[in-house]
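These protein sequence lines map, in sequence, to chains A, B and C. Residues in the first sequence are numbered from 1 upward in steps of one, following my numbering. Residues in the second sequence are numbered from 1001 upward in steps of one, following my numbering. Residues in the third sequence are numbered from 2001 upward in steps of one, following my numbering. Using N, Cα and C, we set each Cβ at its ideal position, and we do this for glycine too. Note that this is a predicted model, so its numbers are computed, not measured. Take a look at the structure below.
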Amino acid sequence: MVASAIPVTTDASRWRLARATVLLLLVGALAVTTLLSLRIGALGLSTSDTVAALFQYDPDSYEQTVVRSLRLPRTLIGLGAGAALAVSGAVMQAATRNPLAGPSILGVSSGASFAVVSAIYFLGISTPSGYVWFAFVGAAAASLLVYGIASAGRGGATPVKLALSGVIVSALLASWSTALLLLDQETLDRARFWSAGSLAGRPLDIFWTVSPFLVLGLAGALLMSRQLNVMSMGEDTAKALGLHTGRVRLVSALLVVMMTGAAVAAAGPIGFVGLAVPHIVRVVSGPDYRWVLAYCLVVGPTLLLGADIMGRLVVRPAELQVGIITAFCGAPFLIVIARRRRVAGL
Amino acid sequence: MSAASEARAHPPLRTVRAGGVSFRLNLRTLGLVGLAAAALFALAAWSLTLGSFPIPLEGVLRAVLGRGSEDHEFIVRTLRLPRLLSALMVGAALAMSGAIFQGLVRNPLVSPDIIGINQGATLVAVFWIVTGQGRTTLAPVAFAGAVAAALAVYLLSWRGGVAPNRLVLVGIGLNAALAAGTTYLLVRFPIEQVGAAVAWSAGSVYASTWSDVTTLGAALAILTPAAMVLMWHLRILQFGDDTATSLGLPVEATRLTLVLVGCGFSAIAVGLAGPIGFVALMVPHVARMLAGAMTASVLVLTALLGAIMLLASDVVGQYFLPVTLPVGVITAVVGAPYFLFLLYRSNVRL
Amino acid sequence: MTATLPAPASEPPPDTLHALDDLDVLSRLSARGLTLAYDGPEIVHDLSVDLPDGQITTIIGPNGCGKSTLLRALGRLLRPRRGAALLDGEAVHRQPTKEVARRLGLLPQGAAAPDAITVEDLVRRGRYPHQAMFSPPTDRDRIAIDRAITLARVDDLRDRSVDELSGGQRQRAWIAMTLAQETPILLLDEPTTYLDIAHQQEVLDLVQRLNRNEGKTVAMVLHDVNEAARVSDHVVAMRDGRIVAQGTPAEVVRPEILARVFGIATEVVAHPRTGAPICVPLGAPALPEGNPGAEAASMLPRPCRLCAVDATLAYDRCVVAERLSVEVPDGAITAIVGPNACGKSTLLRALARLLKPSAGGSFLDGEPLHRARRRALAQCLGLLPQAPVAPVDVTVADLVAGGRTPHQRWYRQWSAEDERAVEAALATTHTADLRHRTTDALSGGQRQRAFLGMALARQTPIMLLDEPTTFLDIAHQVEVLDLVRALNRDEGRTVVMVLHDLSQACRYADHLVVMHQGRVVATGSPREVVTPALVRDVFGVEAAVVTDARTGRPLVLPYSLEDLRGVGRG
């Protein structure tokens, strides 16, 4: 299915040019989506207002204040989270050689959820800025636990063991979260909005808090692309080519934790972007991870912002959380993959 | 461990033949079934004595038999017994459902909870609760949701036959979509209804009545013998489609029947008790570790162990924690460490 | 069953085993006191070996003798428990991994490429060990990639996606990837497995060219003794994790050594064209000379129960064979042979009712298979699929008992007759003492025997076997085929099997069906059918066809033009 999309007989340089052109077009699409994300919402704005708010901010203008204080943080977080989730999904799929891998395989979302629920229940924290560090630490701790369990025992962190321990740690943490939610309705009331995954209502300083992790993680992942290329040829071949496969897998896991931890901390658990975007871009980019990661970096935020815009439009004047939209749109996509591909194993 | 594997290596088999009927019985498995049944009985009897109004064991037995004092009979027969029996049967149904799906897909991670059946029930039930519909119709509605989800998974993964791996992937996808729907309902409606919905979706046998017990009992009475017979066919199916076809097995029909029975177990349990995770995932592994490859008698063992696990979790959640928690929260807490231990030992047979 | 020669003496005769010190060769890669194991018991024990520079060394031995494990240790994929693999005098696992990868290229068994990667991209990844962390590709990289592609002769496939190549092309692309590493030493783990004879030759020709023209030192593991003898300068024969013999092919490929290595009786003849030693397994009991019965029988008109008439076979809409007509002579052994993807397995599937012909049909006793009752058919037609699967926790006894299913009902699970049939099948296949082992604890040969037992326990008059000898080493192949012959001769069962080894087919079959590109190109007894011209046309290789004096059956001895170039040299 993937093969058919690739011009088989054209010469390599033309192919490379085509890939670069498409990438440029996608960057354009991202710019348009970003602008739309700043404009569209309960209060419709003109492009000129929007641009003015960014470059000649007039604090007295109500419209411009909306852009600066609501739309801008939301858009920035969407950009960061979308890029982080998509890139980390691609990294996980390469490192585990499993097409079904995504950031959620490391238990990131459930770890973050549990930490946030605990923070609400035990400490009474109730603002998105207050959740950030808890979510981040929860995500990191859960993924370290998953990785630790998978690499203990014989054979190290094999992809299957990673998947198994990820599923189980997630289930355990989810049941603890449920227990806390059942004990206290107020906790439930606050946590349910957070755990739906949303870009709305986050102040700008959340973005600044998580951005170092985003930048570090994304830069690290892009620099790793050649190693990931070798890694995707299988454990033995990669080793024979002189790659430290264990080290690459560990570094990948750390980068993924940084990126998704930051994304979850800022936006709450958002499913499917990490799983689906790498599959979508591979149709155009081919299997070379230097291109796959570059494409993910552009397509991930476009889709996440697109989903967020859709969430603002479908139940106007109310809003639908972006996490719900991505799962709704991502699920049919997974089903289509499952029906089209020859799925050898899970 | 060594004694167990030794005994498994040389199974004490006895053959029973009478006329055209013949069976081969593994005495060790039968012994384990006996042990599990005894343990289950003891646990059940003890659990009936527990509660805010403790009743001695003797009193419990009398009350069950209808010869106790009036208040004992009321407490035991009207309050505790339905809950006990529901827990037993829900546990057994979930465990058998897991055994069927794991055998069908030959993947240790597969259970009805991850392929959308539970989520189907949850979505519909949560809708029912948050929109304030009657509680009496909740169970049938949840059951319908589970069946609809199972049907959708089956149809969506049909492409001239149902490849088990495709079934799982499609199931995971559908599961996510349904979960998103549930999340939407949970953030959309006022917190009072949402609280009740979350409580339901944690899974519990708290409100069981005698009519639930009758429904469960009737379903199990039909499905369990069917599942035991199907184990015979499942064994052949596991040799691969080519071999199975050549051995004269109608492969797709058998697979459809197995999926139907597996979904039946799961749907009836979820309909009455809410989505209880982990039992279906974990118990078949335990049974196979104890007794070897899945056969009809190992299936019985699976059912008994499932009943024990659910009952034990319910007792723990109800009486042994500072706060009362529904059984669905406890099963994962009991099950997860065991699974992680398995993983650490890394003898999980994939 | 097999006439096993006496077990190998612990002390090999001095003329076959060079003491290491006597070897007057230069060797950059060697092993000293190597003891290897995965998690379980030791697989290779205290082994020392030198791989002579500039030569092709081949490691042979039965399944599970540790030959691939040895290669993995030499290539730094496996850390030795004791001892060391030495590269330029220093232990490989103490050297930096990239440094090793610049001197030693390794192609693991069954390497899998990512989806849709092009040949050029694949080869480019072989440059990894030469690239610094963040540097862009240099001119040297480009030159090395071009050169590797030219050497492996995959120029015309450069922009093709690897998953659409044929087996031989794909293997050459992978070797090109290894060549891009520009290492003086190449290690290849079973580079010819899964390939048919023409593609095997394609790959081995490439290996020979690399050795002769580029001076590469090559060490590889091969399955097939004759291929090893044909292409290599130095042969290392292993058994049970130890070296039994090493030396030139002529020194190692000798009946007494092969008996010690594989435990079977063989005869060694010289190839009429190249002079390379060729081992011919005798099997046991050896066919009586002349064996008039079986050989003559196929010429007589035989009754035929199973046949395909004008059958068109297709998967989805991809037509594999059109208007195929084949008759299976009753009571004889029929072998279907042909190159990969010629439709031979598809034909067998049609005869087994696994595939419904889209036109025409397959018939049993004149009745279309698809109208027959499942159960009745299952009692008549037995099948051993190509890659049978079983759940890991099923024991051999349960597996064999599974074959009784067509005779059973869920309420009649274990009749006295079932018990007798299963016991007989276990005894015939020599799996009785494995009966309580689970299938994941079996070697390849044991596993295949267990599945054969399953097919036997069905007690069907007709047995269809799809490549029953793949995955097996030579000793197990002979064992399985001898068993098949015994079933035919002693119990009169009709056997149809797909084989990819033409020599084996000639040795065991009464009736050959030769297929090529979805058509049947020849049928008849091996003597009538097999000629050098047929082998060239159908399999695309040159071969000498001689008559085996013992059996009166043809022996097919393939060779390649590269061999002839090498004859003068050696």
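Within-9 Å CB hit, residue i to chain A
i	result
C:Pro2108	yes
B:Ala1227	no
B:Tyr1184	yes
B:Ile1129	no
B:Pro1390	Only positions 1001 to 1350 of chain B appear in the structure, and residue 1390 of chain B is not among them; the question remains open.
Interface flag, residue i vs chain B, CB-CB below 9 Å
i	result
A:Ile206	no
C:Leu2383	yes
C:Tyr2411	yes
A:Ile105	no
C:His2045	no
C:Thr2405	yes
C:His2370	no
C:Ser2415	yes
A:Phe328	yes
For residue i, the residue or residues it bridges with in DSSP
i	result
A:Leu180	A:Leu180 pairs with nothing; no bridge assigned.
C:Ile2333	C:Val2495
A:Gly321	In the sequence on display, residue 321 of chain A carries Gln and not Gly. For A:Gln321, which the question treats as bridged, DSSP gives no partner whatsoever.
C:Glu2542	C:Tyr2559
C:Arg2082	C:Thr2035
C:Tyr2315	C:Cys2318
C:His2511	C:Thr2334
C:Leu2051	C:Leu2029
C:Arg2242	C:Arg2239
Residue i (DSSP reduced to helix, strand or coil)
i	result
C:Cys2065	coil
C:Asn2211	helix
C:Glu2322	strand
C:Cys2380	helix
A:Arg40	A quick correction: the sequence has Ile, not Arg, at residue 40 of chain A. DSSP places A:Ile40 in coil when its eight states are reduced to three.
B:Val1334	helix
C:Met2597	There is no way to answer for residue 2597 of chain C, as the model of chain C reaches only from 2001 to 2570.
Neighbour-count burial assignment, residue i, 16 or more Cβ in a 10 Å radius
i	result
B:Leu1321	exposed
C:Thr2439	buried
B:Trp1046	exposed
A:Asp60	exposed
C:Gln2477	buried
B:Phe1041	exposed
C:Cys2571	Within the shown structure, residues of chain C are numbered from 2001 to 2570, placing residue 2571 of chain C beyond reach of any answer.
C:Met2133	exposed
B:Ile1222	exposed
C:Leu2555	buried
B:Asp1071	exposed
A:Gln93	buried
Interface flag, residue i vs chain C, CB-CB below 9 Å
i	result
A:Arg282	yes
B:Phe1239	yes
A:Ser252	no
B:Val1033	no
A:Val215	no
A:Thr237	yes
Item to complete: Return the chain-ordered ranges of every alpha helix (DSSP H) run that is complete within the region 2173–2240 of chain C and spans a minimum of 4 residues.
Response: Taking only runs of at least 4 residues, the alpha helix (DSSP H) segments lying wholly in the region 2173–2240 of chain C are 2197–2214 and 2225–2231.
Item to complete: Jot down the residue ranges of each uninterrupted alpha helix (DSSP H) in the region 207–241 of chain A, minimum 4 residues, whole runs only, in chain order.
Response: With a minimum length of 4 residues, the continuous alpha helix (DSSP H) runs that stay inside the region 207–241 of chain A are 225–231 and 235–240.
Item to complete: Could you pull out every unbroken alpha helix (DSSP H) segment of at least 4 residues lying fully inside the region 2336–2381 of chain C, listed in chain order?
Response: Within the region 2336–2381 of chain C, the complete alpha helix (DSSP H) runs of at least 4 residues are 2344–2351 and 2374–2380.
Practice prompt. Kindly provide the ranges of any alpha helix (DSSP H) runs that are 4 or more residues long and lie completely inside the region 1003–1073 of chain B, ordered along the chain.
Written response: Runs found: 1027–1049, 1057–1065 and 1070–1073.
Item to complete: Go through the region 2375–2460 of chain C residue by residue and report every complete run of the beta strand (DSSP E) that reaches 3 residues or more, in order.
Response: Here the runs fully enclosed are 2381–2384.
Fill in: Minimum length 4: unbroken alpha helix (DSSP H) runs contained in the region 106–173 of chain A
The region 106–173 of chain A contains these whole alpha helix (DSSP H) runs: 108–123 and 128–151.
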